[in-house]
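First to last, the sequence lines map onto chains R and W. Under UniProt numbering, the residue at position 100 of the first sequence is numbered 100, and the numbers go up by one with no gaps. Under UniProt numbering, the residue at position 464 of the second sequence is numbered 464, and the numbers go up by one with no gaps. Note that beta-carbon positions come from the ideal geometry of N, C-alpha and C, so glycine has one too.
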Amino acid sequence: MADIASPVPHTGATTRHPISLGARLWKSRIEYLFLVPGMLVFGAFILYPIVASQYFSLLQWSGFDANQTFIGLANYAELLGDKFFWDAFGRSFLFTVSTVPLQMLVSLVFAIILNNKLLKLSSLFRTLIFLPVVTPVAVIGIVMTIMLSPFNGPINMGLLDLKLLARPLDFLGDPKLVLWTLAGIYVWKWVGVTMVYWLAALQTVPAELYEAARLDGVKNWQMTLFVVLPMIMPFAIVIALISAISALNVFPLIQSMTQGGPFFATEVMEVYIFRNAFATAGAIPRLGYASAAGVFFGVAIMGLTILQILAVRHLRNRETANGA
Amino acid sequence: MNKHPFSGMSRRQFLAGSTALGALALTGAGRALAQEFQIPEPIAELSADGPFRWIDSGDQKAVFYKAFLPEYGKARGIETVYDGLPWNEIGQVLPLGIRNNTAQDAFCLPLNLPPAFAVAEGWVQPLDDLIPDIETWKAGFPAGAFLEGLNVFDGKTYGLPYTSARVTSAHVLYNRKYLTDAGFDPETTPLTWDTFREAARKVTEMNAGRAFGFIMGGNQVNRFADITRCLANMAGQPCGDTSIGLGIDFRTGEPVFDSDEFVGAVELLLAMQQDGSIFPGVMSLNAPQARAMMPQGAAGLILQGPWNIPQWERENPDFDFGIAPTPAPEGAKGNLIVGALAATSNTMFINARSKNAQVAADVFHYLGTEEGQIAWGNVVGPSDPPIFPAAQANSQMSERAKAALSMFEQIIKVGPNPFARNPQLAEVAKVYKEPTPNLALTVQGLFTSQSSGVKEQLTTLVSETNKALDAAFKAAKDAGAEVSRDDLVFSNWQPAQDYVAADYEAL
């Protein structure tokens, strides 16, 4: 069957003209009509803010007043020399690099264990692991602040009772500990989602492969290592991409627990942007400058995404080549 | 003739007593009682267009308005809506509301937004045509409540200055048992820096890890600035407290973060930390959490505001605590400095595009009468005290709360306010980029050992503040504002005395 856009061999009998774009749109008008509400929401809440923030990034503007002074790329130039911007930028990626591998590994282990149909109560365990995902971040922030309190928090009390600590640890107040504490809480909260991704990936492994491997006398760990993992590895890139983007958007957790402190120790990019845009303690906010930081950060995330898409494409091409 | 049971009661006593019943109801001690407000006749013919809406920063103010506005609405036959939001949300919600014409009828301004800016931008409208015989009404306020450049512009009155700013967020509140056991009585002998440190150390030692000497909300970074500035003020280094005046000694117009008093204040905190006297985990606590720890016996001393008093009295009636001034070095005769007599953050304005401006003015008028002020004092207590001295005296507050207000009269002085001198400084404030780290973050960094060298860090802060001020003044001048750094110099300022309208005129 010839593709509409592909050249049709001239047979001399009939000539088929390509259908115009307008005709195709009209033909699918019902489908496009159904898309309109979604597009409107997308335009209002995603596209417009993106475009607006790019425009704001070129202004000196507090967000308060009507006076918006166009200053070109001056905000971006200032960003380049802002130590706190680069610190926050680096911290965001440090947070991502430290959480994503751990989150992927732990969730993969959970998924492989829970994918075993012989495991009793697997649904219960899945629910328990998924429970933090549906718990509001603000609630987790409050509960964890209590749990980790150095004065009477149960975690410190337990560690002290077990003689593992001589003095309580200030998990959220010690600048050397705080980022890693938040990373741990983040992984605990979101590991359930990644586990679901892995479980979906595991469904794609054909049952015949398991049967064939068993017939060959393969042990469980060998099956996981040499049969299952190679089959689901292509999914790892996509899961890593989703997890990385999620880890770069960690504002609610940090804002609810440390607000970027102490002394910037947990100030990731989103907190930095928020601080400049809204939370200036002693000065008028700088919405234009914060927008520039947001645009810069958005471009960086886009770059990361493109890299991962290229990696996926490379893997596919390699698989295709191997298949051929 | 039988004497009426209330005939021997003065009008003032009656007002105080009747609103006190309401206060009891609201503060928990008498929850079964209903708050009753004596809503006076309206000041003019009122007609509401839609619900009358009021927004401010909540806290104890919310307690008052959630009781008062429904009563007021019932008396006037109008619907009322009250929004009490945190400051950061007011900073977002109000400008958006102004832009899209959905802002409340009456509002306070976002923190650090000079009123001159709101007037210049046409956000607010004057009260002069809304309140009949406004000069008589204004005469009921204490001298200094209305100041050109703060709530009066070009002779027109825009703001309602109904709460006193003579309040500090860093006076001593202490566990009486712990301090007595340690041999200290701060109410009789106010703590010096040395005895403050010594008391904290002894309380820690005596409680062997079950309680500590001093606690603060270190997670709430502004606490480091407030505490440091107040300690330095009491040590004899006066300076401004907000916006472009923060840390400025108005006698010279220069920032003084690197003065011996500021350096000493930070070193005092670090020394107490070194002593092990500070509650472990203060960096994980915000101010309300630190406040909640005190009645649990977690610490002996805290530097916070008088809003703790009614809260502890209400929720922890068995907690025996005392109040005392902010510690000062031995022999120092400093005062805490506030930028105006009226709390500028609480000053209320009427939306220029409000369709219920006359209703707002009616409420403003009530809050500026003795009746309204006493009702306010009864409900809100010392947290945001009424600005009328008579209302402070006649409100039904605990003896401890009244003692706190009396103490503030002694130790807190009204300093110069640059905006009252030159309203065009609002243009400077608009473009001022406070250095990062600012005072609060600089002290927090030193406290958490993420930076070192107290004098060096504070000297850097002075240098960065000067650069930021110079840049802001230049930008404002380039934009046409008639301003100069000399506007921050008040050569006739004597920090031990209130800076009043006559002093501005004498400049």
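| Query | Result |
| --- | --- |
| Minimum Cβ-Cβ distance from F419(W) to chain R less than 7 angstroms | no |
| Sub-7 angstroms separation of F263(R) and G445(W) beta-carbons | yes |
| Inter-residue spacing [alpha-carbon to alpha-carbon] between P186(W) and G415(W) | 27 angstroms |
| Own chain, CB closer than 7 angstroms to T224(R), minus 5 neighbours either side, in chain order | I112 |
| Rounded separation between D384(W) and D83(W) - CA only | 18 angstroms |
| Within chain W, the residues that G288(R) reaches when beta carbons sit closer than 9 angstroms | Residues of chain W passing the Cβ test: none, with the nearest at roughly 12 angstroms. |
| Selection of the region 58-84 of chain R by Cβ proximity to chain W, strictly under 7 angstroms | S62, G63, F64, D65, A66, F84 |
| Contact with chain R by S284(W), beta-carbon distance below 7 angstroms | yes |
| Cβ-based burial, S6(R) [other Cβ within 10 Å; buried from 16] | Unreliable placement is indicated for S6(R), whose pLDDT of 45 sits below 50; no coordinate value is reported for it. |
| Continuous alpha helix (DSSP H) stretch holding K74(W): start and end | 60-76 |
| Endpoints, alpha helix (DSSP H) assigned at D503(W) | 501-506 |
| Proximity to V297(W) [Cα-Cα], best of T204(W), G236(W), G368(W), V263(W) | According to the sequence displayed, residue 297(W) carries Gly and not Val. Residue T204(W) is the option with its Cα nearest to G297(W). |
| A298(W): contacting residues in chain R (beta-carbon distance under 9 angstroms) | F151, N152 |
| Cα-Cα separation between Y174(W) and D59(W), rounded to whole angstroms | 23 angstroms |
| Under 9 angstroms by beta carbon: chain R residues contacting P416(W) | Residues of chain R passing the Cβ test: none, with the nearest at roughly 18 angstroms. |
| Proximal residues of chain W, C-beta to C-beta of G261(R) below 8 angstroms | N219, V221, M283, Q444 |
| Rounded C-alpha distance that separates N276(R) from Q259(R) | 13 angstroms |
| Y48(R) - DSSP class collapsed to helix/strand/coil | helix |
| Three-state secondary structure assigned by DSSP to L128(R) | helix |
| Cβ-based burial, V86(R) [other Cβ within 10 Å; buried from 16] | The residue you asked about is not Val; residue 86(R) is Trp in the sequence shown. Result: exposed. |
| Of the listed residues G159(W), T136(W), D470(W), W137(W), nearest to L147(W) (C-alpha basis) | G159(W) |
| Beta bridge counterpart(s) of F278(R) as assigned by DSSP | Beta-bridge pairing links F278(R) to no other residue. |
| Extent of the continuous alpha helix (DSSP H) to which L439(W) belongs | 439-447 |
| Min CB distance E409(W) to chain R below 7 angstroms | no |
| Where G77(W) falls, given that 16 or more other Cβ within 10 Å makes a residue buried | exposed |
| Min CB distance Q92(W) to chain R below 7 angstroms | yes |
| Where G173(R) meets chain W, residues with beta-carbon distance less than 9 angstroms | G218, N219, P280, G281, V282, M283, S284, L285, T448 |
| Cutoff 7 angstroms: I284(R) Cβ touching any chain W Cβ | yes |
| Nearest candidate by alpha-carbon position, reference L429(W), set V359(W), N112(W), T102(W) | It is worth fixing the name first, because residue 429(W) is Ala in this sequence and not Leu. Of the listed residues, the one whose Cα sits closest to A429(W) is N112(W). |
| Contact list for D87(R) against chain W, beta-carbon separation under 7 angstroms | Within 7 angstroms Cβ-Cβ: nothing; D87(R) doesn't reach chain W, min ~11 angstroms. |
| is_contact[D503(W), chain R] using C-beta, thresh 7 angstroms | no |
| DSSP state of F214(W) mapped onto helix, strand, coil | strand |
| Test item: CB-CB of P59(R) and A292(R) under 7 angstroms | First, the amino acid is wrong: residue 59(R) is Leu here, not Pro. The answer is no: Cβ separation not under 7 angstroms. |
| Among S57(R), Q308(R), A207(R), nearest to A77(R) - alpha-carbon criterion | S57(R) |
| Distance between P42(W) and D362(W) (C-alpha atoms, nearest Å) | 6 angstroms |
| 7 angstroms Cβ shell around A103(W) - same chain, five flanking residues per side excluded | L94, G97, N351 |
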